[in-house]
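Have a look at the structure below, then the notes.
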Amino acid sequence: MLALAVREDPSRFFNRAGGFGDGEAITADVLTQVCDFYRKQGVSQGAFMIAPPLLPPDWASTVAELDLTNGRSYVKLGCDTETMLTAGDGIAALDPSLHVGLVEPHQANEWATVMMTAYGFDMPDMIDMAASCVGKPNWQQYAVWDGERIIAVGSIFINGDCADMFGGATLPEGRGRGAHSALLAIRAWAAKAAGCRWLVAETGAESPGDHNTSLHNMLRTGFQPLYERTTWLWRE
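So the number in the numbering used here is just where the residue sits in the sequence shown, counting from 1, plus 171.
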């Protein structure tokens, strides 16, 4: 299990604990240690990201004891690489006025600015943190350009046989032009080139009446839902 706290993040989104399930029981005592960590770091809210199959039978009592509340839900998805590569050519379907490719180190700040501002994290320090990932081992960042300007972004992290797709975001002026599907496709090809057999990703779950375009793009390209995970929030 790993826990992260970012004191200067007003959204509190990055105050989170995950990676549960590596042989350690999820108990109230374990989660209390994480809550104590959040307190020591001076943050007023933190999240627990726990896959539903790992929740213990007494989870309801743990929630009550720690006064946890339900936050946003996410869908975890997965597929084998070959399935996605045969589902359709997302790059060919990209608006011909756009182009997609790998982000180079000198483009890191623009790439990070697009990703973080699209998600509502526009503080300079947060953008710098994201930009620092460009060029690191096992990380690959991609973008869609309209001329010389980045309008959509996405990343993968290579972890052995598996590639984790994340950070997909498109600016309003780039939506409906095939950018997200092109980024899914180019990252799948990159994962294959790196020897990955599996792809995983996650996106926001749909509530009644909601429509998550990213989720439907992923389903169309071969991803299958693995589970829906509730974010459990601790507040001081």
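We treat Cβ as the ideally placed atom computed from N, Cα and C, and that holds for glycine.
Quick caveat: nothing in here was measured; it's all calculated off a predicted structure.
> Using the rule of at least 16 other Cβ atoms within 10 Å of the residue's Cβ for burial, across every protein chain shown, is H277 buried or exposed?
Replying inline: Counted from its first residue, the sequence shown places residue 277 at position 106. When all chains shown are included, H277 counts as exposed.
>> Need the endpoints of the beta strand (DSSP E) that V201 sits in, please.
In response: The sequence position of residue 201 within the sequence shown is 30, counting from 1. Not the beta strand (DSSP E): V201 falls in the alpha helix (DSSP H), residues 199 to 212.
> Near T384, which residues of its chain fall below 8 Å by C-beta distance, leaving aside the five closest residues on each side in sequence?
Replying inline: Counted from its first residue, the sequence shown places residue 384 at position 213. Closer than 8 Å at the Cβ level, and outside the excluded window around T384, lie R346, H351.
> Near G306, which residues of its chain fall below 8 Å by C-beta distance, leaving aside the five closest residues on each side in sequence?
Replying inline: Looking up residue 306 in the sequence shown gives position 135. Here the set comprises P276, A279.
> Going by Cα to Cα distance, which pick from A334, D381, Q312, N388 is closest to G259?
Replying inline: Mapped onto the sequence shown, residue 259 falls at position 88. Of the listed residues, the one whose Cα sits closest to G259 is N388.
>> Please report the distance separating the alpha-carbon of G194 from that of M172.
In response: One-based indexing of the sequence shown puts residue 194 at position 23. One-based indexing of the sequence shown puts residue 172 at position 1. Between G194 and M172, the C-alpha separation is close to 10 Å.
> Among all the DSSP beta bridges, which residues are the ones paired with P396?
Replying inline: Residue numbering aside, residue 396 sits at position 225 when the sequence shown is read from its first letter. For P396, which the question treats as bridged, DSSP gives the partners L248.
> Which one of I322, N309, W403, P223 has the shortest CA to CA distance from D266?
Replying inline: In the sequence shown, counting from the first residue as 1, residue 266 sits at position 95. Among I322, N309, W403, P223, the Cα nearest to that of D266 belongs to I322.
> Do you know whose CA, among L175, Q312, E179, lies nearest M294's CA?
Replying inline: Numbered from 1 along the sequence shown, position 123 holds the residue referred to as residue 294. Per the Cα distances, E179.
> What are the partner residues of D381, as DSSP defines its beta bridges?
Replying inline: Working through the sequence shown from its first residue, we reach residue 381 at position 210. Beta-bridge pairing links D381 to no other residue.
> Between R391, A356, P396, which lies nearest to E373 when the distance is taken from Cα to Cα?
Replying inline: By 1-based counting over the sequence shown, the position of residue 373 is 202. Nearest option by C-alpha distance: P396.
> Where do the ends of the beta strand (DSSP E) carrying W183 lie?
Replying inline: By 1-based counting over the sequence shown, the position of residue 183 is 12. Contrary to the premise, residue 183 reads as Arg rather than Trp in this sequence. Run containing R183: none; DSSP gives neither H nor E here.
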